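According to my numbering, the sequence shown is numbered sequentially starting from 7.
First the structure, in the form of structure tokens, and then the observations on it.
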Amino acid sequence: MGELLVGCHLSTSRGYAAMADDAVSIGATTFAFFTRNPRGGNARELDVGDVAAFLSTCEAHGMGPLVAHAPYTYNLCSSKPETVEFARRAMREDLERMELLPGNLYNFHPGSHVKQGADEGIRLICEGLNEVLEPGQRTCVLLETMAGKGTEVGRSFEELARIIDGVAHDELLGVCLDTCHVADAGYDVVGDLSGVLDEFDRVVGLERLRALHLNDSKNPLGSHKDRHERIGEGTLGLETFAAVVTEPRLAGLPMVLETPQDGLEGWAAEIALLRGMASGEGVA
Ligand code: FE
Ligand code: FE
Ligand code: ZN
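Okay, here's the thing in structure tokens:
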């Protein structure tokens with residue numbers, strides 16, 4: 007098995023080159039970042055020199071595919087047309103900018119249907135994606151598995167499969183599995199990771215799985231809460247993550263931490279912990 011592709015969510019506030027340097031400094035071999043302010047305002051103009059330095063650092067250190075994250079404010083299935091329109095326009099812009107860093111991944115939350123019902127939510131998400139995706143784009147767009155908080159769409163593998171089914175250019179789509187979210191959604195990754203992957207394969211197809219978010223959960227299975235915890239300190243526990251990083255069907259996928267840490271040292275320690283477990287040091 008190759009080296010584990012693992013990293014965390016990093017800040018772009020000091021620029022892209024500085025972000026890549028941060029990734030190197032903590033031993034990351036992939037990472038995530040927001041494509042713009044997480045509140046979802048206007049995107050800053052990308053600095054061509056900064057992006058070039060970023061790309062050369064990623065190349066020099068053998069970074070795996072990066073997993074950009076859309077702001078949480080995008081909602082392709084809002085009941086407000088102006089919110090839907092904003093999400094579509096912002097996603098189109100984000101994907102145009104992603105072409106400056108070709109071959110990476112762009113993850114987004116499918117949306118919240120705000121009492122319109124999951125069927126209408128799925129219809130609107132498909133309509134939005136059909137408008138946003140450009141044939142020939144070099145970025146794979148990932149639907150994130152959601153915890154099922156409130157009216158979130160994407161709370162089950164079936165909902166994700168229905169979205170994929172409704173998109174014309176589905177060759178541009180994949181899934182990012184968030185360990186906290188799937189547990190909160192009721193999938194027993196603690197007791198039966200292998201069975202959950204079997205079910206994913208049956209419903210969605212494992213070839214769609216392109217990235218993972220590694221988060222422990224503050225809440226029990228099926229709680230639909232979406233509160234992340236540090237690795238090993240929540241209801242998933244270290245054994246679950248040891249199983250994730252040694253699971254052959256997940257080998258080679260970028261794995262991104264979104265755990266509550268106070269600074270880079272915390273993620274550096276989690277990355278080292280996961281690498282240790284992946285190399286068979288086992289759970290201490
Ligand atoms: Fe997310
Ligand atoms: Fe996530
Ligand atoms: Zn979450």
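Glycine residues also receive a C-beta, built at the ideal position from the N, C-alpha and C atoms.
These numbers were taken from a predicted model, which means no experiment stands behind them.
Beta-carbon proximity check, residue i vs residue j, cutoff 7 Å
i      : j      : result
Val4   : Val262 : The requested residue 4 is not part of the displayed model; the chain covers only 7 to 290.
Val173 : Leu215 : no
Ala167 : Val202 : no
Pro82  : Ile128 : Reading off the sequence shown, one finds Leu at residue 82, where the question assumed Pro. No, they are not a contact pair.
Leu179 : Leu218 : no
Glu205 : Ser223 : no
Thr151 : Leu183 : yes
Val54  : Arg94  : no
Leu16  : Thr35  : no
Val159 : His119 : yes
Thr252 : Leu220 : no
Arg45  : Thr79  : yes
Pro71  : Asn110 : yes
Ile237 : Glu276 : yes
Asp176 : Ile169 : no
Rounded Cβ spacing between residue i and residue j (contact assumed at less than 8 Å)
i      : j      : result
Val30  : His75  : At roughly 20 Å, the Cβ-Cβ gap does not stay under 8 Å, so Val30 and His75 are not in contact.
Tyr112 : Phe60  : 16 Å between Cβ atoms; not a contact.
Gly243 : Asp190 : No, Gly243 and Asp190 are not in contact; Cβ-Cβ is about 15 Å, not under 8 Å.
Val90  : Gly134 : 7 Å
Leu227 : Gly192 : 6 Å
Asp100 : Thr41  : 4 Å
Gly13  : Phe37  : 4 Å
Arg255 : Leu212 : 6 Å
Ala257 : Gly33  : No, Ala257 and Gly33 are not in contact; Cβ-Cβ is about 19 Å, not under 8 Å.
Residue-level contact to chain B via CB, residue i, 7 Å cutoff
i      : result
Asp184 : Looking for chain B here will not work: only one protein chain is present.
Residue i beta carbon near ligand 1 (any heavy atom closer than 6 Å)
i      : result
Glu150 : yes
Cβ-heavy atom distance, residue i to ligand 3, below 6 Å
i    : result
Asp5 : Nothing about residue 5 can be reported from this structure: the residues present for the chain run from 7 to 290 only.
Proximity test, residue i beta-carbon vs ligand 2 heavy atom, cut-off 6 Å
i      : result
His219 : yes
- Message: Measuring CB atoms only, is the region 137–144 touching the region 98–108, in the sense that at least three cross pairs come out at less than 8 Å?
- Response: yes
- Query: Does the region 267–287 come close enough to the region 244–254 that 3 or more CB-CB pairs lie under 8 Å?
  - Reply: yes
- Message: Across the region 223–237 and the region 78–92, are there enough close Cβ pairs to call them in contact, namely three or more that are closer than 8 Å?
- Response: Short answer: they don't touch.
- Task: Specify which residues have a beta carbon nearer than 7 Å to any heavy atom of ligand 3, listing them in chain order.
- Result: Ala153, Asp184, Cys186, His187, Asn221, Asp232, His234 and Glu264
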